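**Student:** Numbering (the working numbering), first residue to last: 27 to 554. Ideal Cβ placement from N, Cα and C applies to all residues, glycine included. Keep in mind it's a predicted model, so treat the numbers as computed, not measured.
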Amino acid sequence: MIPRPHAPPLRGLALALGLLLAGSAPHSASAAVRPPEEGALAYASAQELQAALTAGTLTATELLTHLKARIATLNEAGPTLRAVHALNPEASAAAAASDRHRRESAPRLLEGLPVLVKDNIETRDPLPTTAGSTALLDNFAKADSPVVAALRAQGAIILGKTNLSQWANFRSNDSISGWSAVGGQVRNPHVLDRSPCGSSSGSGAAVAAGFAPLALGTETNGSIICPAQVNGIVGFKPTHGLLSTAGIVPLAASQDTAGPMTRTVADAALMMDAMVPGGTYREALKAGLTGKRVVVAQFAAGTDPRILAHFEAAQRLLEAAGAELIVLDTFERPLQALGADSLYVLEAEFRDGLAAYLARAQGAFRGKTLADLIAYNRREASRELARFDQSLFEEAEALGPRDQTRYEAARLRLKTAAGTDTLDALLNAHDAQLILAPSGPLTPPVDMVNGDLWPRWLGLGGEAAVAGYPHLTVPLARIDALPLGLSFIGRAGDDGGVLAAGAAFETRRGPLPLPAFHPTAPVSWGPP
């Protein structure tokens, strides 16, 4: 059994489960859309929920009540997923206001749809933005971050904050994905003793478990793609810079981005349309894959025969959808040799970015530098350092003021290796629009002693993150109940094309099993 660190109770949680929507009657006998069945409501897509809301067979208030009750059943009880650590006490009023707006005016893009927000993204609700640390338990933002403001302006209901890997999984070399001092250990709803991956682990597990149709995550290097893949949902990392990172606790400005975590590619496009002014991502889905040239990164697919079999099956589906595939068995990956540069850039950007964030953070923690935070963690070691140390914090602080010459040289080497010499080289050499790869390995067990033990360099997520190119993962298969994802990567700015490719695959893949909350599964993962 996974040890249960102390976690504060959910706030604003429905106390009774009798408010479930089983047997809800339609609001109109002539409605063309029937209300979703109780068992299906939690796993309905945003578009399916919109249809029911528009038809009047479901209200935002009813939907919110159902989801809050489901969270009460599964989050801190039952399988104890701990994906959500705080519910928004103002969500019910927001849902009621959304229902009034729908009656009186044309519905907005996300009218009445609940959204869960990763707890390193500021919202103006009475919820702190903690990044998983008790140091920021009083960090109540005065305004929404721009990405949250855009979702709210389109009628979204901010349901609550999701747990995460503390400090976006950048506090220790021995960290545990999905653990934070504030929320405890997130559990994977497919197989409870397997890692939910970090750092958007709570957002990934929450969508997979049917807590909300939509969630917002963040990524610096794999933190949307990995939890989306291992929790069996869609995750989209947009082109770097497309979405504002203001009001988000930073890790590394040159790679940080927010992004959608959803059940379907169409739902991810819906969120992008809400967050990007003038977005046309849903319209872009119509382009499909016909005539698209796709580089198949067979060299990044590993050697696991089960993964390879599903990867090959996916290729056949893409060819049936009209794609032209170019399969590459070998390719040099120069980013693999630049681990020291990568760590230096992340640590340098984190040290400076965190100081800038803490300078404006609210609440009782008055420290304004990384050194202050390190000292706080030492004082509060029983809570903050209960599972792993703060070696990355200490290394970043030891760098001192940024050596700009060293930093710019390292950053240039990384961008060149990931972009020019890898992703651009693959696309340009074959006149291709997309790159296809597995999204990653099967998720390993949670290991509270040794920390994360992930096979490296399966897929091309590191290159896409460092280069800042759009990267989409779509559920591909289940192996021993563990999800496997398929990645689509495109050129910077071709976010619509990447989403279109994923949607074309998704329509041909067919349904996959829902999470079954298995306590454990046969050990499927081993060293590469």
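So, with DSSP's three-state summary, where would you put tryptophan 480?
**Tutor:** Of the three classes helix, strand and coil, the one that applies to tryptophan 480 here is coil, per DSSP.
**Student:** Who are the Cβ neighbours of serine 203 in its own chain at under 7 Å, not counting the five residues just before and after it?
**Tutor:** Same-chain partners within the cutoff: Ser191, Asn195, Ser221, Pro222, Cys223, Gly224, Ser227 and Asp478.
**Student:** Are the stretch 503-512 and the stretch 252-270 touching, with three or more C-beta to C-beta distances below 8 Å?
**Tutor:** Contact between the stretch 503-512 and the stretch 252-270 is present, because at least three Cβ pairs lie under 8 Å.
**Student:** Nearest to tyrosine 383 by CA position, among Pro481, Phe357, Leu452 and Thr271, is which residue?
**Tutor:** When each option's Cα is compared against that of tyrosine 383, the closest is Thr271.
**Student:** So what's methionine 287 in DSSP terms, helix, strand or just coil?
**Tutor:** Residue state, collapsed to three classes: strand.
**Student:** Given a threshold of 16 other Cβ atoms within 10 Å of its Cβ, counted over all protein chains shown, does threonine 246 qualify as buried or as exposed?
**Tutor:** Answer is buried; the Cβ neighbour count reaches 16.
**Student:** Between aspartate 200 and glycine 273, is the Cβ-Cβ spacing less than 9 Å?
**Tutor:** For aspartate 200 and glycine 273, no; Cβs fall outside 9 Å.
**Student:** If we call anything under 9 Å between Cβ atoms a contact, is leucine 486 one with alanine 463?
**Tutor:** Yes. Within cutoff.
**Student:** Taking only three categories from DSSP, how would you classify glycine 365?
**Tutor:** Glycine 365: helix per DSSP, three-state reduction.
**Student:** Using the Cα positions of methionine 27 and valine 110, report the straight-line distance between them to the nearest angstrom.
**Tutor:** Its pLDDT being 28, under 50, methionine 27 is placed unreliably in this model, and the coordinates cannot settle the point.
**Student:** Pull up the CB-CB distance for histidine 216 and glycine 258, whole angstroms please, since I reckon it's below 8 Å.
**Tutor:** 6 Å between Cβ atoms; contact.
**Student:** Residues in its own chain within less than 8 Å of alanine 346 by CB, not counting five upstream and five downstream?
**Tutor:** If we look at alanine 346 and ignore the five residues flanking it on each side, its Cβ neighbours are Arg534.
**Student:** Restricting to Cα atoms, I'd like to know which of Phe337, Arg386 and Gln324 is closest to threonine 356.
**Tutor:** Threonine 356 has its Cα closest to that of Gln324, out of Phe337, Arg386 and Gln324.
**Student:** Taking the DSSP output, what are the residues bridged to glutamate 434?
**Tutor:** The partner list for glutamate 434 (beta bridge, DSSP) is empty, contrary to what the question assumes.
**Student:** Where do the ends of the beta strand (DSSP E) carrying leucine 136 lie?
**Tutor:** Premise fails: leucine 136 is in no beta strand (DSSP E) and is neither H nor E.
**Student:** Check the C-beta distance from histidine 456 over to lysine 263 and give it rounded, since I have them as a contact under 8 Å.
**Tutor:** Going by Cβ atoms, the distance from histidine 456 to lysine 263 rounds to 23 Å, so no, they are not a contact pair.
**Student:** Would you check if the distance between the CB atom of glycine 297 and the CB atom of threonine 288 is smaller than 9 Å?
**Tutor:** It is methionine, not glycine, that sits at residue 297 in the sequence shown. Yes, these two residues count as a Cβ contact at 9 Å.
**Student:** Tell whether a beta-carbon distance below 9 Å holds between serine 465 and glutamate 375.
**Tutor:** For serine 465 and glutamate 375, no; Cβs fall outside 9 Å.
**Student:** What are the boundary residues of the alpha helix (DSSP H) that includes alanine 491?
**Tutor:** Element bounds for alanine 491: 487-493.
**Student:** Are the CB atoms of leucine 380 and proline 276 within a distance shorter than 9 Å?
**Tutor:** Against a cut-off of 9 Å, the Cβ pair of leucine 380 and proline 276 comes out as a contact.
**Student:** Beta-carbon within less than 6 Å of proline 537's beta-carbon, same chain only, minus the 5 sequence neighbours each way: which residues are those?
**Tutor:** Answer for proline 537: no residue qualifies.
**Student:** Can you list the beta strand (DSSP E) stretches of 3 or more residues lying completely in the stretch 300-358, in chain order?
**Tutor:** Whole beta strand (DSSP E) segments, 3+ residues: 319-323 and 350-354.
**Student:** What residue does the alpha helix (DSSP H) around glycine 523 start on, and which one ends it?
**Tutor:** Glycine 523 -> alpha helix (DSSP H) spans 521-535.
**Student:** Just to confirm, are leucine 90 and glycine 389 a CB contact at a threshold of 9 Å?
**Tutor:** No, Cβ-Cβ distance for leucine 90 and glycine 389 is not below 9 Å.
**Student:** Looking at the unbroken alpha helix (DSSP H) that takes in arginine 405, where does it start and where does it end?
**Tutor:** Where arginine 405 is concerned, the enclosing alpha helix (DSSP H) stretches over 396-405.
**Student:** In or out: serine 124 buried (at least 16 other Cβ within 10 Å) or exposed?
**Tutor:** The residue is buried, with at least 16 neighbouring Cβ atoms inside 10 Å.
**Student:** Could you pull out every unbroken alpha helix (DSSP H) segment of at least 4 residues lying fully inside the stretch 433-463, listed in chain order?
**Tutor:** Those alpha helix (DSSP H) runs which fall completely within the stretch 433-463 and span 4+ residues are 450-455.
**Student:** So, using beta-carbon positions, are alanine 182 and leucine 240 closer together than 9 Å?
**Tutor:** Yes, Cβ-Cβ distance for alanine 182 and leucine 240 is below 9 Å.
**Student:** Can you tell me whether glycine 516 is helix, strand or coil according to DSSP?
**Tutor:** Of the three classes helix, strand and coil, the one that applies to glycine 516 here is strand, per DSSP.
**Student:** According to DSSP, which residues form a beta bridge with leucine 113?
**Tutor:** Leucine 113 is bridged to Gly186.
**Student:** Whole angstroms are fine: how far does the CA of glutamate 309 sit from the CA of glycine 317?
**Tutor:** In a straight line, the C-alpha of glycine 317 is about 18 Å away from that of glutamate 309.
**Student:** May I ask which residues mark the beginning and end of the alpha helix (DSSP H) holding alanine 231?
**Tutor:** Where alanine 231 is concerned, the enclosing alpha helix (DSSP H) stretches over 227-234.
**Student:** Measure the C-alpha to C-alpha separation of glutamate 421 and arginine 392 and round it to an integer number of angstroms.
**Tutor:** Straight-line Cα distance between these residues: approximately 22 Å.
**Student:** Tell me, which residues are paired with proline 471 by DSSP?
**Tutor:** According to DSSP, which records beta bridges pairwise, proline 471 is partnered with Arg220.
**Student:** Since valine 353 contacts alanine 458 with CB under 8 Å, what's their CB separation in whole angstroms?
**Tutor:** At roughly 12 Å, the Cβ-Cβ gap does not stay under 8 Å, so valine 353 and alanine 458 are not in contact.
**Student:** By alpha-carbon positions, which one of Asn146, Tyr495 and Ala232 ends up nearest to isoleucine 97?
**Tutor:** Among Asn146, Tyr495 and Ala232, the Cα nearest to that of isoleucine 97 is on Ala232.
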